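Here is the structure we will look at, set down as C-alpha cells.
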C-alpha cells in the first residue's frame, strides 16, 4: 500500500495549477512531485492536446475559470497560452530540493495567476532573483545534457506507467487523471 | 435566462449513461434531451475519441467504474465497447415522445449495466419488444432519409453550438462538458 501520492504535473497545465493549489490545502498527506514535459508525453501517446482544438481550448478556459472560482483559487487565464514549458520544467530539475517548492509556487502563480509572459527571459530572471536563484547558473544548467536527459527520462517513466495527461495522481498503482480526481486519490490513500 | 438544461448525449458514451442516471435523481429541473452521434461530432471536431487511445481507454474504464461506484450507480463496462451507435441514436428519433424516455432507459441499461451486445439484432429486437415497439417498423424507419438527415442535423447543430463531446449540458448559453459538470450546470440554472 502506498503511503504517499505521486503527483505528475507540468507548469503549463492549468489543471495542474488547480490541483497544486488543492494539494496545498491537504493535511498529513505526502505528495511526490513528478515533473514531466506534457507536450512530450502527449507526443508519446499520440494525443492532441485540448489547446490545439478550438472548441476544447475555449471550453478549457471557461472550465478552469469556473473550477477555480468554485474552489476559491485565484486564477487568471494566461494570454500567452500555450507556450513551450521545456525550460520551466528543466529548471525545476536543476534546483536544490529546498528551492523546488518555492520555484513551483512562484512559476505556477506567475503563469496562472498573474498572467506573466514566461516566454520573456526578463520575466523569468525576475522570478529567479526573487527566489535568490542564480539565473546565469540556471540558464546554463537547463542546457546541460544531463538535465535534458532527466526530463526526458521522467516523461518516459510517466508514459510507461500509463500516465497520459496532467495532472495525474498515482496511489496503490491506480491512476487518477485530472484535478477532479484528487478527491478519489485521497480516498484511496486514506482507505 | 434558461429555465431548462440542454443535455447532449449518445447511448454509446459511458459518461452519458452516468450523467443520465444522475439526471434521474434531480428534482424540479427540466432537461431537454439532445441526441447526437458522438462519432460524427468527433469527426466534425477533428477529435480522436479516448476509445481509440490505449491508455485513455484503460483509464476511461477504470474511471467510469469508480465514478459509478462512488455515485451508487449500477454499471458494468461493455465488453463490446465501442460499437457504432448510429442505429440506436436514429432509433431514438423515430419514436413517439412518450416512448423516448423508456427507450433511452432500456438501451442505456442494456449497454452500460447488463453488458448486452447491441451489435446483435436479436438483442435489439428483444429490447424493442419489451417496450412494445414494432421492430419491423423500427428497422425500416431508421433507414429512411428523413431520419438519417435528422440525426446529422442534430449533430451539426451541436457542433455549431461548440459542443465537442458527450455528455454536454448547456444552460444560459454556457457549456458544461462531462458528467462531472452536471453539478455546475445545476448551480447555473438555480442561481
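Residue numbers (my numbering), protein chains in the order written: chain A, 1 to 191; chain B, 1 to 191. Even for Gly, the Cβ is constructed at its ideal location relative to N, Cα and C. Predicted model only: the values in this text are computed from it and were never measured.
Just verifying my parser: in three-state terms, what is the DSSP assignment at residue i?
i: residue 159 of chain B; result: helix
i: residue 173 of chain B; result: coil
i: residue 164 of chain A; result: coil
i: residue 144 of chain A; result: coil
i: residue 152 of chain B; result: helix
i: residue 22 of chain A; result: helix
On the CB-based measure, 16 or more other CB atoms within 10 Å of its CB, does residue i come out buried or exposed?
i: residue 34 of chain A; result: buried
i: residue 155 of chain A; result: buried
i: residue 168 of chain B; result: buried
i: residue 46 of chain A; result: exposed
i: residue 79 of chain A; result: exposed
i: residue 69 of chain A; result: exposed
i: residue 63 of chain A; result: buried
i: residue 90 of chain A; result: buried
i: residue 88 of chain A; result: buried
i: residue 137 of chain A; result: exposed
i: residue 151 of chain A; result: buried
i: residue 116 of chain B; result: buried
i: residue 59 of chain A; result: buried
i: residue 132 of chain A; result: exposed
For residue i, which beta-bridge partners are listed by DSSP?
i: residue 4 of chain B; result: B:30
i: residue 9 of chain A; result: A:35
### Start-end ranges of the beta strand (DSSP E) lying completely within the segment 29 to 100 of chain A, minimum 3 residues
Here the runs fully enclosed are 30 to 35.
### Proximal residues, the segment 39 to 56 of chain B versus chain A, C-beta separation under 8 Å
Taking 8 Å as the Cβ-Cβ cut-off against chain A, the residues of the segment 39 to 56 of chain B that qualify are 45, 46, 47, 48, 53, 55, 56.
#### Entry: Inside the segment 106 to 142 of chain B only - beta strand (DSSP E) runs reaching at least 3 residues
Within the segment 106 to 142 of chain B, no complete beta strand (DSSP E) run reaches 3 residues.
### Task
With 9 Å as the limit, tell me which residues of the segment 66 to 79 of chain A have their beta carbon closer than that to any beta carbon of chain B; keep them in chain order.
Listed by position along the chain: 66, 67, 70.
### Message
By the 7 Å beta-carbon criterion, what residues does the segment 149 to 166 of chain A contribute toward chain B?
### Response
If the cut-off is 7 Å between Cβ atoms, the segment 149 to 166 of chain A has 162, 164 near chain B.
### Query
Which residues, in order along the segment 177 to 191 of chain B, keep a beta-carbon less than 7 Å from a beta-carbon of chain A?
For the segment 177 to 191 of chain B, which is checked against every Cβ of chain A, the residues closer than 7 Å are 177, 180, 184.
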